[in-house]
Amino acid sequence: MTTSEFAELRRRIVDAGLLKKSIQPTVISFAINLVLLLCSISIFFLSQHIGVLLLNAVFLALIYGRFGLLTHDFGHMQVCKSTKINNLLGHICGTVVGLSYPWWKDKHNAHHAHTNHDHGDPDIDLPILAYSEAQAMRKKGICRFIVKHQGWFFLPIQLLAAFSLRYSSWKYVLRKRKPTDCILDLFLSSLHSTIYLVLIFSTQTWWMGLLFIIVHQHLWSLYITSIFAPNHKGMPIIEGETVDFMREQILTARNIKPGMITDYYYGHLNYQIEHHLFPTLPRHNMRKARKIVKQFCKEQEIEYYETGVLRSYVEIVQHMHKISLCLR
Numbered sequence: 016m017t018t019s020e021f022a023e024l025r026r027r028i029v030d031a032g033l034l035k036k037s038i039q040p041t042v043i044s045f046a047i048n049l050v051l052l053l054c055s056i057s058i059f060f061l062s063q064h065i066g067v068l069l070l071n072a073v074f075l076a077l078i079y080g081r082f083g084l085l086t087h088d089f090g091h092m093q094v095c096k097s098t099k100i101n102n103l104l105g106h107i108c109g110t111v112v113g114l115s116y117p118w119w120k121d122k123h124n125a126h127h128a129h130t131n132h133d134h135g136d137p138d139i140d141l142p143i144l145a146y147s148e149a150q151a152m153r154k155k156g157i158c159r160f161i162v163k164h165q166g167w168f169f170l171p172i173q174l175l176a177a178f179s180l181r182y183s184s185w186k187y188v189l190r191k192r193k194p195t196d197c198i199l200d201l202f203l204s205s206l207h208s209t210i211y212l213v214l215i216f217s218t219q220t221w222w223m224g225l226l227f228i229i230v231h232q233h234l235w236s237l238y239i240t241s242i243f244a245p246n247h248k249g250m251p252i253i254e255g256e257t258v259d260f261m262r263e264q265i266l267t268a269r270n271i272k273p274g275m276i277t278d279y280y281y282g283h284l285n286y287q288i289e290h291h292l293f294p295t296l297p298r299h300n301m302r303k304a305r306k307i308v309k310q311f312c313k314e315q316e317i318e319y320y321e322t323g324v325l326r327s328y329v330e331i332v333q334h335m336h337k338i339s340l341c342l343r
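Encoded structure:
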């Protein structure tokens with residue numbers, strides 16, 4: 016795949032007007048999510064019933080997921096022409112879910128720059144999972160044991176995603192070299208934690224508050240991993256060899272078949288191929304871009320992979336099991 020061929024694909028996307036930013040859909044989404052967030056907060060003051068509390072944990076987990084998707088969009092400059100406004104809104108949405116926005120941008124940009132690279136993609140550089148045999152062979156101790164049986168452990172491990180993200184976010188904030196760089200991050204992260212804990216434990220008994228946190232964080236973990244796991248997990252790993260940009264983005268990504276509910280649930284990240292080819296492409300234009308990219312791949316005889324939700328998980332677990340065999 017040559018640069019000129021990618022330029023041709025980009026020309027088709029540009030000619031279709033798909034890279035033009037439109038703030039209206041995001042404003043509507045932000046407003047709806049904000050109202051839902053306020054509704055969830057009000058429930059803490061209206062009821063101390065355990066059933067209502069658990070339902071609110073489910074509700075707030077979904078709301079966190081939606082704000083996380085907005086953070087992702089702002090980080091890619093998909094919404095506003097102004098970088099400053101995108102970053103401001105990204106900070107706001109990041110604070111809602113309690114994650115450092117600069118940390119998220121740095122981590123996610125590294126993922127886009129080195130998608131599925133064995134030594135470069137932070138999304139597959141995890142201590143207790145291995146996505147290639149080379150990674151598996153490097154594991155030691157308890158991590159090696161888990162990887163040896165990771166086909167069974169993969170789904171339960173997804174429950175821990177929120178805790179892992181928070182740990183990484185706080186570590187990033189506290190290890191910034193310049194104190195001035197971390198002041199805003201430290202303030203916003205602390206603000207979230209304070210409001211979250213005070214809201215819960217000032218309105219609920221200690222054990223109900225603890226139960227809410229456990230259920231909420233686990234469910235949020237499941238939601239965000241259900242969005243991101245199908246994108247690249249189980250797809251080809253780049254181990255040293257040089258692959259051109261376009262082919263790398265297409266061959267390492269997996270699309271989930273579109274539909275009204277699917278598109279909403281995934282925040283249009285089920286169009287992962289299109290997103291990686293054009294990170295600034297607004298989410299509401301993904302479906303139109305899919306038709307263009309799919310046709311172009313057909314013309315160039317490049318595999319464009321798309322499957323259903325359940326099938327994607329079957330492929331992921333099968334891949335994890337296959338990798339673990341080298342340790343048995």
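In case it helps, our numbering puts the sequence shown at residues 16 to 343.
Yeah, the Cβ is synthetic: ideal placement off N, Cα and C, and Gly gets one too.
Taking C-alpha atoms, which residue in F74, Q310, Q39 and V213 lies nearest to L52?
-> The sequence position of residue 52 within the sequence shown is 37, counting from 1. Measuring from the Cα of L52, the nearest candidate turns out to be F74.
For I28, which residues from the same chain have a beta carbon less than 7 angstroms from its beta carbon, with the 5 sequence-adjacent residues on both sides left out?
-> For the purposes of this step, residue 28 is identified with residue 13 of the sequence shown, where counting begins at 1. Excluding sequence neighbours, I28 sits near L34, F293, A304 and I307.
From D88 to Y79, what distance separates their C-alpha atoms?
-> The residue given as residue 88 occupies position 73 in the sequence shown. The residue given as residue 79 occupies position 64 in the sequence shown. So the two alpha carbons sit approximately 14 angstroms from each other.
Indicate the three-state DSSP secondary structure (helix, strand or coil) for H129 in the structure shown.
-> As a working mapping, residue 129 is identified with position 114 in the sequence shown. Of the three classes helix, strand and coil, the one that applies to H129 here is coil, per DSSP.
Which runs of the alpha helix (DSSP H) fall wholly inside the segment 162–219 and span at least 4 residues, in chain order?
-> 165–172, 176–189 and 194–218
How should M275 be labelled, buried or exposed, when 16 other C-beta atoms within 10 angstroms of its C-beta is the threshold for buried?
-> Residue numbering aside, residue 275 sits at position 260 when the sequence shown is read from its first letter. The residue in question, M275, is exposed, as its Cβ has fewer than 16 Cβ neighbours within 10 Å.
What residue range is occupied by the uninterrupted alpha helix (DSSP H) comprising F59?
-> As a first step, residue 59 is located in the sequence shown; it is residue number 44 there, counting from the start. Residues Q39 to L61.
Which listed residue (I172, M261, W119 and L144) has its alpha carbon closest to that of K337 | Taking the first residue of the sequence shown as 1, we reach residue 337 at position 322. Checked all of I172, M261, W119 and L144; the closest Cα to K337 is L144.
In the DSSP assignment, find the unbroken alpha helix (DSSP H) run with T277 in it and report its ends.
-> Within the sequence shown, residue 277 is the residue found at index 262, counting from 1. Unbroken alpha helix (DSSP H) run through T277: M275 to Y281.
Could you pull out every residue in the same chain whose Cβ sits closer than 8 angstroms to the Cβ of R350, ignoring the five residues on either side in sequence?
-> Residue 350 lies beyond the stretch modelled for the chain, which goes from 16 to 343, so this question has no answer here.
Please confirm if the segment 257–266 is in contact with the segment 92–105, defined as three or more CB-CB distances below 8 angstroms between the two stretches.
-> no
May I ask you to list the residues that DSSP assigns as paired with I288?
-> Looking up residue 288 in the sequence shown gives position 273. Beta-bridge pairing links I288 to no other residue.
Of the choices S241, T18, S204 and L70, whose alpha-carbon is the least far from that of S55?
-> Within the sequence shown, the letter at position 40 stands for residue 55. Considering only alpha carbons, the answer is L70.
With a cut-off of 8 angstroms on the beta carbons, I'd call R159 and L342 a contact; round off their distance for me.
-> Start at 1 with the first residue of the sequence shown, and residue 159 comes out as number 144. Start at 1 with the first residue of the sequence shown, and residue 342 comes out as number 327. Right, their Cβ atoms sit about 7 angstroms apart.
Note the first and the last residue of the continuous alpha helix (DSSP H) segment covering F89.
-> Against the sequence shown, residue 89 aligns to sequence position 74. Here the alpha helix (DSSP H) through F89 covers I65 to G90.
Report buried or exposed for L206, applying the criterion of at least 16 other Cβ atoms within 10 angstroms of its Cβ.
-> Reading the sequence shown from its first residue, position 191 is the one you call residue 206. It is exposed - the Cβ of L206 has fewer than 16 other Cβ atoms within 10 Å.
For I229, count neighbouring C-beta atoms within 10 Å of its own C-beta (all shown protein chains included) and say buried if the count is 16 or more, exposed if not.
-> Here residue 229 refers to the residue found at position 214 when the sequence shown is read from its first residue. Burial call: exposed.
Are the CB atoms of F227 and A128 nearer to each other than 9 angstroms?
-> Start at 1 with the first residue of the sequence shown, and residue 227 comes out as number 212. Start at 1 with the first residue of the sequence shown, and residue 128 comes out as number 113. The answer is no: Cβ separation not under 9 angstroms.
Determine, using beta-carbon pairs with one atom in the segment 121–136 and one in the segment 159–171, whether at least three such pairs fall under 8 angstroms.
-> no
Are L85 and N131 closer than 9 angstroms when you measure CB to CB?
-> Taking the sequence shown and counting its residues from 1, the one referred to as residue 85 is at position 70. Taking the sequence shown and counting its residues from 1, the one referred to as residue 131 is at position 116. No; because the gap between Cβ atoms is not below 9 angstroms, this pair is not in contact.
From I239 to R81, what distance separates their C-alpha atoms?
-> Within the sequence shown, the letter at position 224 stands for residue 239. Within the sequence shown, the letter at position 66 stands for residue 81. If you take the alpha carbons of I239 and R81, they lie about 9 angstroms apart.
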